[in-house]
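In our numbering, the protein residues as written are 12 to 877. As structure tokens, the structure follows; a few thoughts come after it.
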């Protein structure tokens, strides 16, 4: 594409794209600046309050369950009771309740994602909750216990309440996160003068931390209910959670208009299942993509694959969602240990010296530990680690959590051993405290990280479902614990706790070994059209959430060093004749046409346009043979019809682009969750090493343009600027694209789609010329030449709007798309030097650039393979 640009701007961008200036890269995580979270919107706090109330209800009613089921009804006894079914039954029923409550999250997700949306699903679940608690209160009265209806009422209430719990748990976490709408990072100057990157990813992490902090405030409710149970009655203990859930439901309903809501998108769960079916049949998601099916002649075999919504991108998003599910496979081994503090460890306390302390009171040490630990992490530990650029990665957090759970079971094992060897009820109950505290600390790493994974890796339309599958791992753990019921009693408890310690330790090791690279990130590219195309290609392969565009100037900027808003953009014969250039041109043309044909969102500012091109010298036969193979409506113009001095001409359907609008639109799209929430950060890059400032940076896509000649770490002496000058005009009569290729000039007329009749007129190809001053004689020459080429420009309606100078990023021998492994774990993919062909060849170059590190990307957590 032969547009022109101002001095200092990325030549690709200046001549043909709205992109940043030299030195701008796209980087994952950060490139030197400290990352900080944003402020949490106040509406998020309202959702957190609602969750606090729901958790108060859940833990408040489940806290007395162990005593309610295990111990007989005997008013005045030291241990309160009702049903007298023993420890094994109590543990089994408690685990059944947990299993059902968390398994039903899948049902809650289906209702939300498929039918009513998250807000209404939460309201329905609250109503179910109220019904279940009413049954529990009514059947927990002394008369009901004596009359024999308490057990049936308990089971019925467990089923009803579990369904309500599942409906809320599946939806409240993603609903909370969706209230924060900022999609990309930005640089902010603090009062201290320090520049920092405000990172939405850290903001989501903070939101989940405080969300879980509120959960544990609510989890303190057994402090109330177990004391009411011990000193009053069970029905009164259960009445308190009933009152709280009624208040929560009313508050949530009254706040209806304050929340941001996402509607269910068709039938995402069914569509995802059909996508998985095709992937299984084709033995991989890559082969299930419509492009691959079409290439292999299998598209017609699957009716669903021919639907308009079935795209390469939709398949990639399903694969990304399944990535999160794969990461959850080992979580049940953690939750088996976590579950012990709600049943068997409570029973263990009953074998110790209580001294007036209810045996089920110490379980509150778990939420108390979290209430202290989470603010400590948010305000001290994590900021300190970020300040010193220590990356406490998600897999390290999860592994640390597994190890802490293992230590808690080791402690329980040793304590149970001494309980067996000591006189009955002789060991003080508060010696149990480390068990609960260690499990509490572990939750801050395992559960909060799991919630982040469920939200950030899931497709937007399936967030409730993926969150439900995370919670389902607790249900699976509870089911395993039900199977362990025969050994969840004396005299087997030492071996049981010891075995769980080994399981948790091995689970942590396996998680790190299997998924330790699942959170690595590919890194950077600049934000010109070449860089934006690479970001788009990464997004299509499921890596969008790992990409940050770091640029001195971003699409939308207008100043002396950033004049790409004045550039033209089209597909033309300006490119070279080497095999790479011909291949990239073909890939670019076909890709852009495909976007237009299917009405893709990326094609909003693209248009099919009639084009006529002339060459003063006969072009290379290989070039003509190549372009005539794929150009649409192509015709060789007969020699008698050629203008004087023209050796060859073609007519065909070209693609024209509104350069500034297209780049701004791509930036907007890439910033959206559907494209992976690619981050955009305004920052210059001083060297290639600077791009690797983050330890998370594994791959740098160097689309640096003209600065490649001087940037430390690149310094490519083959690079040079090619000066051009253009005239931006308003010309309502121009409806076609026309070009004439000369030795040292380019005469071109490129109408901009959706631009109120603006047209780019040009231009020149002045190798090595770095003069950024406008030359009046060249402006006159451009107007004269374009008027001769298309006389309608001289009808009196044409009005000059702007004259601009720019520098194409050219390179001897053609563009460089090349992988360079700097050292283990550090890879650069060079992608620059396209001259004036960034728009037409950029997508092909991006495909080659990303393909060159496919195995590295695949090793970074299988993001693009699952």
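In this text, a Cβ means the ideal position worked out from N, Cα and C, and glycines have one as well.
Burial state of residue i (16 or more Cβ within 10 Å)
i           : result
residue 373 : buried
residue 274 : exposed
residue 785 : exposed
residue 456 : buried
residue 347 : buried
residue 782 : exposed
residue 541 : buried
residue 202 : exposed
residue 765 : exposed
residue 654 : exposed
residue 109 : buried
residue 317 : exposed
residue 295 : exposed
residue 180 : buried
Alpha carbon of residue i to alpha carbon of residue j, nearest angstrom
i           : j           : result
residue 769 : residue 553 : 36 Å
residue 610 : residue 260 : 43 Å
residue 544 : residue 691 : 14 Å
residue 779 : residue 302 : 41 Å
residue 502 : residue 358 : 13 Å
residue 506 : residue 337 : 30 Å
residue 151 : residue 353 : 20 Å
residue 76  : residue 239 : 13 Å
residue 746 : residue 807 : 16 Å
residue 821 : residue 204 : 39 Å
residue 393 : residue 212 : 14 Å
residue 362 : residue 100 : 18 Å
residue 266 : residue 134 : 11 Å
residue 722 : residue 810 : 40 Å
residue 162 : residue 243 : 20 Å
residue 725 : residue 700 : 10 Å
residue 682 : residue 673 : 14 Å
residue 559 : residue 862 : 19 Å
Secondary structure of residue i, DSSP reduced to three states
i           : result
residue 364 : strand
residue 759 : strand
residue 737 : strand
residue 751 : strand
residue 78  : helix
residue 503 : coil
residue 67  : helix
residue 96  : coil
residue 796 : helix
residue 712 : strand
residue 648 : coil
residue 858 : helix
residue 673 : helix
residue 298 : helix
residue 3   : The structure shown does not extend to residue 3, since the chain is modelled only from 12 through 877, so no value can be given for it.
residue 720 : helix
residue 206 : strand
residue 155 : helix
residue 552 : coil
residue 617 : strand
In DSSP terms, what residue i is bridged to
i           : result
residue 832 : 838
residue 732 : 820
residue 192 : According to DSSP, residue 192 bridges with nothing at all.
residue 622 : 663, 748
residue 843 : 827
residue 106 : In DSSP, residue 106 forms no bridge with anything.
residue 47  : 209
residue 775 : 756
residue 691 : 560
residue 643 : 664
Distance between beta carbons of residue j and residue i, contact taken as under 8 Å
i           : j           : result
residue 256 : residue 65  : 7 Å
residue 79  : residue 245 : 6 Å
residue 440 : residue 370 : 7 Å
residue 4   : residue 132 : Within the shown structure, residues of the chain are numbered from 12 to 877, placing residue 4 beyond reach of any answer.
residue 413 : residue 519 : 3 Å
residue 790 : residue 736 : 7 Å
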